[in-house]
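The structure appears below as structure tokens.
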Amino acid sequence: GESVGLHLPTLSVQEGDNSIINCAYSNSASDYFIWYKQESGKGPQFIIDIRSNMDKRQGQRVTVLLNKTVKHLSLQIAATQPGDSAVYFCAETPSNTGKLIFGQGTTLQVKP
Amino acid sequence: KAGVTQTPRYLIKTRGQQVTLSCSPISGHRSVSWYQQTPGQGLQFLFEYFSETQRNKGNFPGRFSGRQFSNSRSEMNVSTLELGDSALYLCASSLAVENEQFFGPGTRLTVL
């Protein structure tokens, strides 16, 4: 079936370091990609998105990279902070739908 | 502007019963989507509504149904509950299809 995969279930980083979370997607028809952060007991929170006509998009401390050739998406978090500890999901949206296809999630642990 | 609200937040039911969950989208948002989140299957798309019409449906049995009202509020219903229906049910709203989706806190359903 359709799926968006993440390469690592858990990522542990030192506070202040940069974090990179990777994701591989499989649906060539997807043209909109989103990263979400989910903290315990809460719903997913939008972090950053990118459309298929772009390769890179930057936000505050976060950057998303899209490589359509190899169907790869990554989230870079600069100067990772304890508050960044959460589960991160990538999601893709097939064209003309509001359906999000989520990956399995990567748990980011930030060590003080 | 208030976020997406879901009621109830927690629910305990027994096998065979039915349940109705409610979602109020962000004011002005016309698209509402529902997702099921479990530790084993992750986040899975249930269905999406726009202007009271179901536009997309995920791979769930017919026991799962939903609807959207003229004020964009949405409900989902699960009939003949099974133990495997225990999950966090998340609702997300967006201005329109293919726009950023904002999630509510979810309804935690436990089936005994």
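Protein sequence lines, in the order shown, are assigned to chains A and B. Quick note, the numbering used here runs 49 ahead of the 1-based positions in the first sequence. Quick note, the numbering used here runs 60 ahead of the 1-based positions in the second sequence. Glycine is no exception: its CB is placed at the ideal position from the N, C-alpha and C atoms.
Rounded to the nearest whole angstrom, the CA to CA distance from glycine 63/B to glutamine 114/B is 22 Å. In terms of beta-carbon proximity, proline 161/A stays away from the interface with chain B, with every pair separated by 7 Å or more. Look at glutamine 153/A: its C-beta is under 7 Å from a C-beta on chain B.
Using a Cβ-Cβ cut-off of 8 Å, asparagine 116/B is close to Thr146, Gly147 and Lys148 of chain A, given in chain order. As far as DSSP is concerned, proline 161/A takes part in no beta bridge.
Contacts with chain B (Cβ-Cβ distance below 8 Å) from the segment 81-101 of chain A involve Tyr81, Ile83, Tyr85, Gly90, Lys91, Gly92, Pro93, Gln94, Phe95 and Asp98, listed in chain order. Taking a 10 Å sphere around the C-beta of aspartate 66/A, we find fewer than 16 other C-beta atoms and assign the residue as exposed.
Under DSSP, aspartate 98/A takes part in a beta bridge, and its partners are Ile83/A.
Judged by pairs of C-beta atoms under 8 Å, the segment 126-141 of chain A touches the segment 77-88 of chain A, as three or more such pairs exist. The alpha carbon of lysine 120/A has as its nearest neighbour, out of Arg110/A, Ala128/A and Ala140/A, the alpha carbon of Ala140/A.
Proximity of chain A to phenylalanine 110/B at the Cβ level (cut-off 8 Å) is accounted for by Gly147, in chain order.
Remark: C-beta atoms of glutamine 97/B and leucine 143/B do not approach each other more closely than 7 Å.
It is roughly 31 Å from the alpha-carbon of threonine 65/B to the alpha-carbon of asparagine 71/A. Taken through DSSP and simplified to helix, strand or coil, glycine 152/A comes out as coil. For a cut-off of 8 Å, the C-beta gap from glutamine 104/B to glycine 118/B is around 6 Å, short enough to register as a contact.
With distances taken between CA atoms, arginine 127/B lies nearest to Trp94/B out of Asp145/B, Pro99/B, Leu155/B and Trp94/B.
Glycine 102/B: member of the beta strand (DSSP E) spanning 102-110, first to last residue. Linking phenylalanine 151/A to leucine 141/B through their CA atoms gives a straight-line distance of about 25 Å. In this structure, the CA atom of glutamate 158/B is about 16 Å from the CA atom of asparagine 76/A.
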